[in-house]
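First the structure, in the form of structure tokens, and then the observations on it.
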Amino acid sequence: MHNEKDLELIVQSSRGSKEFTFLREAKIADVIATAAKTFGFSASDTFRIVPAANPGQPLQAERTLVSYHLSDGTVLVLTDVGSGV
Amino acid sequence: MGSIGAWYNWELAPDLPDLKLSIKMRAHNSDLFILEIDFENYKEWPPFFEFADPDSGQRGARRAYPSSTDSFFHGSGPCICAPFNRKAYRHVVATGPHPDWSFGDWMTSRANNYDWSRANTLGDMLLMIQTRLATPDLYKGRMQ
Numbered sequence: 001m002h003n004e005k006d007l008e009l010i011v012q013s014s015r016g017s018k019e020f021t022f023l024r025e026a027k028i029a030d031v032i033a034t035a036a037k038t039f040g041f042s043a044s045d046t047f048r049i050v051p052a053a054n055p056g057q058p059l060q061a062e063r064t065l066v067s068y069h070l071s072d073g074t075v076l077v078l079t080d081v082g083s084g085v
Numbered sequence: 086m087g088s089i090g091a092w093y094n095w096e097l098a099p100d101l102p103d104l105k106l107s108i109k110m111r112a113h114n115s116d117l118f119i120l121e122i123d124f125e126n127y128k129e130w131p132p133f134f135e136f137a138d139p140d141s142g143q144r145g146a147r148r149a150y151p152s153s154t155d156s157f158f159h160g161s162g163p164c165i166c167a168p169f170n171r172k173a174y175r176h177v178v179a180t181g182p183h184p185d186w187s188f189g190d191w192m193t194s195r196a197n198n199y200d201w202s203r204a205n206t207l208g209d210m211l212l213m214i215q216t217r218l219a220t221p222d223l224y225k226g227r228m229q
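So the sequences go chain by chain: A and B.
In this text, residue positions in the first sequence follow our numbering: the first is 1, and each later residue adds one.
In this text, residue positions in the second sequence follow our numbering: the first is 86, and each later residue adds one.
Structure, rendered in structure tokens:
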């Protein structure tokens, strides 16, 4: 049963796509960390998460999901900026 | 990887007999980039990434390359400066920025204190490139 405090999101990455359930109050940083770990990436502060429908606007790590007014079923893309060497 | 490519509207043109792939990518402002990848001896060797000018078709021209806020798109070559790009290795290309890299650890390199195992699938590599094109805080137009 769907809890109103929860938000069901789809996160796509370069290594697949998966449905996640997060508290609406969860911070974006926690969403990134959970998704990155699930897809098998090592931890890093170089990951970003962007709305698939608006990939030019990364979600800010310190903000919460609810602050973006995301709805159930929203698709997010996990990306890694990596490093300039 | 197909879904990611669909969101970013990649146009893929594989050349399977020659182990090559061409991809059209767009920046957030619709600038077009044509990325050509050669998979000779993959995965023993990292792939060879090159951009081609969308107007003239000239491969490796500075105008063919994007520019970002860091040195990922490197003026020497020019090239994508990452262990997953064969063109960044000095022993492959004289203009390669890195005489200090070898193929042996390209999939697990820790160059620049970054864990490059996060970028050892083709999807990882393409998304890392696309991310620099898609966001205004990273994309700085064409290299020239």
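Where a beta carbon is used, it is the ideal one built from N, C-alpha and C, also for glycine.
Item	Value
Run the CB neighbour count on Asn94(B), radius 10 Å, all protein chains shown included, and call it buried at 16 or more, exposed below.	exposed
Run through chain B and tell me which residues come within less than 8 Å of Asp80(A), C-beta to C-beta.	Arg203, Ala204, Asp209, Leu212, Met213, Thr216
From the DSSP output, in three-state form, read off His69(A) for me.	coil
With C-beta atoms as the reference, is Leu78(A) less than 9 Å away from Ile32(A)?	yes
Starting from Val38(A), follow the alpha helix (DSSP H) in both directions and report where the run begins and ends.	This sequence places Thr at residue 38(A); Val is not what is there. Unbroken alpha helix (DSSP H) run through Thr38(A): 28 to 38.
Roughly how many angstroms separate the alpha carbons of Thr220(B) and Arg175(B), rounded to a whole number?	30 Å
Is there a Cβ from chain A that is less than 9 Å from the Cβ of Met86(B)?	Low per-residue confidence applies at Met86(B): pLDDT is 48, beneath 50, and the placement is therefore not dependable, though the value from the model is reported in the following sentence. It does; some Cβ of chain A falls within 9 Å.
Name the chain A residues whose beta carbon is nearer than 8 Å to that of Ile46(B)?	Since the first residue shown for chain B is 86 and the last is 229, residue 46(B) is missing from the structure and cannot be characterised.
By DSSP's criteria, Ile165(B) is part of a beta bridge. Which residues make up the other side?	Phe158(B)
Taking only beta-carbon atoms, is Tyr150(B) less than 9 Å away from chain A?	no
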